[in-house]
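Protein chains: 2
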Amino acid sequence: MSLVVVGSVAYDGVETPHGKVDRMLGGAATYIALSAAYFTEVKIVAVVGDDFADADRHLLASRRIDLAGMETVKGGKTFFWKGLYSADMNERTTIETNLNVFGDFQPKLPESYRSAPYLLLGNIQPTLQRGVRAQMTGVKFSGGDTMNYWINDFRAELLETLKSWDFLLINDSEARLLSGVDNLQRAAAKIHGLGPRTLVIKRGEYGAVLFHAGHHFMAPGYLLERVFDPTGAGDCFAGGFMGYLAARGIRPKDGHMDMAELRKAVIYGSVMGSFCCEQFGVDRFRTLTHNEIEARFQEFRSCTEF
Amino acid sequence: MSLVVVGSVAYDGVETPHGKVDRMLGGAATYIALSAAYFTEVKIVAVVGDDFADADRHLLASRRIDLAGMETVKGGKTFFWKGLYSADMNERTTIETNLNVFGDFQPKLPESYRSAPYLLLGNIQPTLQRGVRAQMTGVKFSGGDTMNYWINDFRAELLETLKSWDFLLINDSEARLLSGVDNLQRAAAKIHGLGPRTLVIKRGEYGAVLFHAGHHFMAPGYLLERVFDPTGAGDCFAGGFMGYLAARGIRPKDGHMDMAELRKAVIYGSVMGSFCCEQFGVDRFRTLTHNEIEARFQEFRSCTEF
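Same order as they appear, the protein sequences are chains L and V. Residue numbering for the first sequence follows the numbering used here, starting at 458 and increasing by one per position. Residue numbering for the second sequence follows the numbering used here, starting at 458 and increasing by one per position.
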């Protein structure tokens, strides 16, 4: 079933201990969409400048990603971000951020998007996220991501937005900040009370924890031989997670999700996040096959079962 | 089957955000033994002063822990350590260390210990660890723990000691320091080359990873509602891990261990480490039952299977 993805499409400059790329395709919506498109039909809502390269547009289109909702601003420039990773890649310093056309992003959904049953809202201003959801006419499972900046400076707007979300996907420091509680179990309980009945807390190299209906599920981080570039890994996790659920048509019944399917969705998210780190930017998704995805899913099983 | 445990028996002063205890039973060998004794017969090799309380001796003896190898130095004082945990408990500051009788610890094995098949060497000077192993006559599976200090300042002695170890249990920063490699997979491959064919890398709240014969297994950290005192959790992990293997008589065959049993041993280690954090010092082990251990083992399964 169709998944609408809202967020940034950008150009990134990235330097890691393994190399440096001055300008390459990036942005949360790009990573989410490329990841989710392995599972289901994806429709992007985003904005780019007229510097957005045909080759990048073709890459997205080649994955049957619907670009009807990707607005091109004439005379505008695409969002640009440049970052530097520390030697152990656990820290990232932003060197440059030019919001460009993304600074005035007002997501507008084409008519053809509005009846899609799945919605994944990337990390944008909470009121904009709410506006997108309001444009959807038959959404069955929706939610998304947020970040420290919105939690701190737009808390009221974010809390209003979260009320209607089925799921929230954030990292552990964001979960602690949002809930005001250090302990993850208790943080999760508080966040459930804010709206999202399904919560996934991402823990970087340590994996992810899913909380739903009094149960939790822990997925380990995949032990990569070499991490080339972690940019976008969390977004690829989100794309794999939602892509799997959308493909299978999983949605809440009497407020409850099928826990077995949610567990698999978390593992597919982890699989996609792990592949993302294996090459710079989106490069791994230029060659990644369904067989490789299935093989890694089985690897997750074999390194966790007892 | 019998397990010989060598290491410190101590008094600890501990302060965490949940409280403060000025003086209570502690030490690596104490935690290891109390944990392992839930699974198998344990024989302690340690040294204490004549300030060592009868009540503490009785606690150990009540678990059928053999104290024939626990030397009491007349006029001597038991090792004392005092530490303070940070608000999130991820950092620990040592306030006071008085080695006392432990400073001259020369482990001597009673005759009745020497034929034991299992040996777990707590974190002491590597040459002393080697001396203990040399006193064993029929050991089938041996190894232990070490720390940054020995890795940095006694590297040659440690490398000599590791050559004869079947397993090594260390944390992730120690694994990186010992191997000189950041990436855990490649660090593990290097450490296998130093001797220990079974490696467990402990990652604190994030669980543990087992490496053996080209396979790895990842155990999550148990999500505790409240961590009262993490002191001794790593030692309790080691005790559960080795206690389970010793109880089942698991040993290398043609250099290979039964991977299914190793996986279970890691989970029992994680179970015991998690219980340790639930109360101050060794207090949780005063009331912990076998039924609680089995229930938590099943909980680990239910929060990881997919």
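All residues carry an ideal CB built from backbone N, CA and C; glycine is no exception. Note that the coordinates shown come from a computational prediction; the quantities given were computed from them, not determined experimentally.
Is there a Cβ from chain V that is less than 9 angstroms from the Cβ of residue i?
{"i": "residue 631 of chain L", "result": "no"}
{"i": "residue 660 of chain L", "result": "yes"}
{"i": "residue 563 of chain L", "result": "no"}
{"i": "residue 459 of chain L", "result": "no"}
{"i": "residue 736 of chain L", "result": "no"}
{"i": "residue 666 of chain L", "result": "yes"}
{"i": "residue 663 of chain L", "result": "yes"}
{"i": "residue 715 of chain L", "result": "no"}
{"i": "residue 498 of chain L", "result": "no"}
{"i": "residue 641 of chain L", "result": "yes"}
{"i": "residue 647 of chain L", "result": "no"}
{"i": "residue 761 of chain L", "result": "yes"}
{"i": "residue 724 of chain L", "result": "yes"}
{"i": "residue 758 of chain L", "result": "yes"}
Determine, using beta carbons only, whether residue i comes closer than 9 angstroms to chain L.
{"i": "residue 568 of chain V", "result": "no"}
{"i": "residue 733 of chain V", "result": "no"}
{"i": "residue 654 of chain V", "result": "no"}
{"i": "residue 721 of chain V", "result": "yes"}
{"i": "residue 627 of chain V", "result": "no"}
{"i": "residue 753 of chain V", "result": "no"}
Based on DSSP bridge pairs, tell me the residues matched to residue i.
{"i": "residue 519 of chain V", "result": "For residue 519 of chain V, which the question treats as bridged, DSSP gives no partner whatsoever."}
{"i": "residue 575 of chain V", "result": "V:460, V:598"}
{"i": "residue 550 of chain V", "result": "V:541"}
{"i": "residue 673 of chain V", "result": "V:668"}
{"i": "residue 713 of chain L", "result": "L:710"}
{"i": "residue 555 of chain L", "result": "L:537"}
How about the stretch 477-493 of chain V and the stretch 683-699 of chain V: do they share at least three Cβ pairs that are nearer than 8 angstroms?
At 8 angstroms Cβ cutoff, the stretches touch.
Inter-stretch contact (C-beta, 8 angstroms, three-pair minimum) for the stretch 514-522 of chain L and the stretch 656-665 of chain L:
No: the two stretches stay apart, fewer than three of their Cβ pairs being nearer than 8 angstroms.
Can you confirm whether the stretch 616-627 of chain L touches the stretch 574-593 of chain L when touching is taken to mean that 3 or more C-beta pairs between the two stretches lie within less than 8 angstroms?
The answer is yes - the stretch 616-627 of chain L touches the stretch 574-593 of chain L, with three or more Cβ pairs under 8 angstroms.
Which of the residues in the stretch 532-544 of chain L, read from start to end, lie with their CB under 9 angstroms from any CB of chain V?
With the criterion set as a beta carbon lying under 9 angstroms from some beta carbon of chain V, the members of the stretch 532-544 of chain L are 544, in sequence order.
Check distances from the C-beta atoms of the stretch 673-699 of chain V to those of chain L and list, in chain order, the residues that come in under 7 angstroms.
Under the 7 angstroms Cβ criterion, the stretch 673-699 of chain V contributes 673, 674, 675, 677, 680, 682, 683.
Is it the case that the stretch 460-475 of chain V contacts the stretch 724-741 of chain L, given that we only count it when at least three CB pairs across the two stretches are under 8 angstroms?
Counting Cβ pairs under 8 angstroms, fewer than three are found: no touch.
My parser needs the beta strand (DSSP E) runs of 3 or more residues fully inside the stretch 588-666 of chain V; what are they?
Complete beta strand (DSSP E) runs here, min 3: 598-601, 624-628, 655-659.
Enumerate, from N- to C-terminal direction, the unbroken alpha helix (DSSP H) stretches of 4 or more residues contained entirely within the stretch 467-537 of chain L.
Entirely contained in the stretch 467-537 of chain L, the alpha helix (DSSP H) runs reaching 4 residues are, in chain order, 485-493, 511-519.
With a cut-off of 8 angstroms, do at least 3 Cβ pairs link the stretch 486-500 of chain V to the stretch 691-698 of chain V?
Contact between the stretch 486-500 of chain V and the stretch 691-698 of chain V is present: 3 or more CB-CB pairs across the two stretches fall below 8 angstroms.
Hey, is the stretch 638-656 of chain L in contact with the stretch 699-707 of chain L, meaning 3+ C-beta pairs nearer than 8 angstroms?
No: fewer than three Cβ pairs fall under 8 angstroms.
Is it true that the stretch 716-732 of chain L meets the stretch 665-675 of chain L, where meeting means three or more beta-carbon pairs spaced less than 8 angstroms apart?
Contact holds: three or more Cβ-Cβ distances are below 8 angstroms.
Does the stretch 538-547 of chain V come into contact with the stretch 560-570 of chain V, if we say contact requires no fewer than three beta-carbon pairs (one atom in each stretch) closer than 8 angstroms?
No, the stretch 538-547 of chain V does not touch the stretch 560-570 of chain V.
Taking 8 angstroms as the threshold, find out whether the stretch 494-508 of chain L comes into contact with the stretch 607-616 of chain L through three or more Cβ pairs.
They do not touch, by the three-pair rule.
How do the stretch 741-761 of chain V and the stretch 522-537 of chain V stand: do at least 3 beta-carbon pairs fall below 8 angstroms, yes or no?
Because the criterion of three Cβ pairs below 8 angstroms is not met, the stretch 741-761 of chain V and the stretch 522-537 of chain V do not touch.
Count Cβ pairs between the stretch 566-576 of chain V and the stretch 496-509 of chain V that sit closer than 8 angstroms; are there 3 or more?
Yes, the stretch 566-576 of chain V touches the stretch 496-509 of chain V.
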